[in-house]
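Report on the following structure.
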């Protein structure tokens, strides 16, 4: 198991906000291909292995200027947050990587089997000092309900809502209102999947400062990228 890293930039502060660790197979396979080979009974072990592997890789490769380590996690595989994260915390402590620099991304694409359990998981993560993020926000059917129950530290707006936003008035209205809501609640917003300059500029005009996508940098295997940072609109 290897990891590629892709930066999340803060265009307003001109810094790297985070580096997302993306699991890769022996031949460079992406997370989706790897996950398809994991049966449900082994999801917990796979999730734990990914968390620990990402922390160890980050400790080797990331410096203070790289911000947070963003790690994808499968909420349905977590039966007890404290027990499940004990090995992650131990790995971070052993590697000298601060727990407060770890952000867990939980995707809205994954159907949430038990919403109450999911809320408990996120609250436990926060209590343990981790930053929490809902990935692919807007892709699932329970987005606003989930947002209201969980109130994460960060949301990552799904690519479908930001791709082509410079040319789509409806997308701009939706994302603009979402950005205003998050600002009122002190929730950070990341626009992911950015591939065009005009979309980056349109999102900046809506008040968004955090971005991720091929426009800035592609994921790089076993290395971190510190891209040239374009100024916010």
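Residue numbers (the UniProt record's numbering): 1 to 233. Glycine included, C-beta positions come from ideal geometry on N, C-alpha and C.
Is the beta carbon of residue j closer than 7 Å to that of residue i?
{"i": "residue 152", "j": "residue 121", "result": "no"}
{"i": "residue 209", "j": "residue 18", "result": "no"}
{"i": "residue 216", "j": "residue 52", "result": "no"}
{"i": "residue 16", "j": "residue 67", "result": "yes"}
{"i": "residue 176", "j": "residue 206", "result": "yes"}
{"i": "residue 99", "j": "residue 92", "result": "yes"}
{"i": "residue 161", "j": "residue 14", "result": "no"}
{"i": "residue 61", "j": "residue 187", "result": "no"}
Which residue wins for smallest C-alpha separation from residue i, given the options the options?
{"i": "residue 55", "options": "33, 89 and 171", "result": "89"}
{"i": "residue 226", "options": "64, 126 and 22", "result": "64"}
{"i": "residue 71", "options": "60, 50 and 224", "result": "50"}
{"i": "residue 23", "options": "220, 114, 133 and 228", "result": "220"}
{"i": "residue 74", "options": "92, 40 and 99", "result": "40"}
{"i": "residue 6", "options": "37, 200, 46 and 69", "result": "69"}
{"i": "residue 196", "options": "166, 183, 174 and 33", "result": "166"}
{"i": "residue 46", "options": "198, 13, 1 and 60", "result": "1"}
{"i": "residue 59", "options": "3, 200 and 212", "result": "3"}
{"i": "residue 103", "options": "21, 230 and 224", "result": "21"}
{"i": "residue 76", "options": "43, 126, 178 and 62", "result": "43"}
{"i": "residue 147", "options": "172, 48, 178 and 125", "result": "178"}
{"i": "residue 135", "options": "38, 37 and 211", "result": "211"}
{"i": "residue 112", "options": "78, 33, 168 and 34", "result": "78"}
{"i": "residue 157", "options": "125, 107 and 201", "result": "107"}
To the nearest whole angstrom, what separates the beta carbons of residue i and residue j, a pair I think is in contact under 8 Å?
{"i": "residue 155", "j": "residue 189", "result": "6 Å"}
{"i": "residue 191", "j": "residue 181", "result": "Contact flag wrong, Cβ pair sits at about 15 Å."}
{"i": "residue 159", "j": "residue 193", "result": "3 Å"}
{"i": "residue 115", "j": "residue 149", "result": "7 Å"}
{"i": "residue 163", "j": "residue 199", "result": "7 Å"}
Would you decide whether residue i is buried or exposed? Buried here means 16 or more other CB atoms lie within 10 Å of its CB.
{"i": "residue 170", "result": "exposed"}
{"i": "residue 138", "result": "buried"}
{"i": "residue 57", "result": "buried"}
{"i": "residue 214", "result": "exposed"}
{"i": "residue 185", "result": "exposed"}
{"i": "residue 27", "result": "exposed"}
{"i": "residue 83", "result": "exposed"}
{"i": "residue 105", "result": "buried"}
{"i": "residue 222", "result": "exposed"}
{"i": "residue 173", "result": "exposed"}
{"i": "residue 218", "result": "exposed"}
{"i": "residue 133", "result": "buried"}
Would you check whether the ligand SAM has a heavy atom nearer than 6 Å to the C-beta of residue i?
{"i": "residue 94", "result": "In the structure on display, the ligand SAM does not appear, and there are no ligands present to speak of."}
Problem set entry | Runs of beta strand (DSSP E) lying entirely within the stretch 60–103, each at least 3 residues, in chain order | As for any beta strand (DSSP E) of minimum length 3 sitting wholly inside the stretch 60–103, the runs are 68–73, ordered along the chain.
Problem set entry | Start-end ranges of the beta strand (DSSP E) lying completely within the stretch 19–58, minimum 3 residues | The qualifying runs do not exist here; there are none.
For this session: At 4 residues or longer, and completely inside the stretch 166–209: list those alpha helix (DSSP H) runs for me, N to C.
Result: The alpha helix (DSSP H) runs of length 4 or more contained entirely in the stretch 166–209 are, from start to end of the chain, 169–184 and 197–205.
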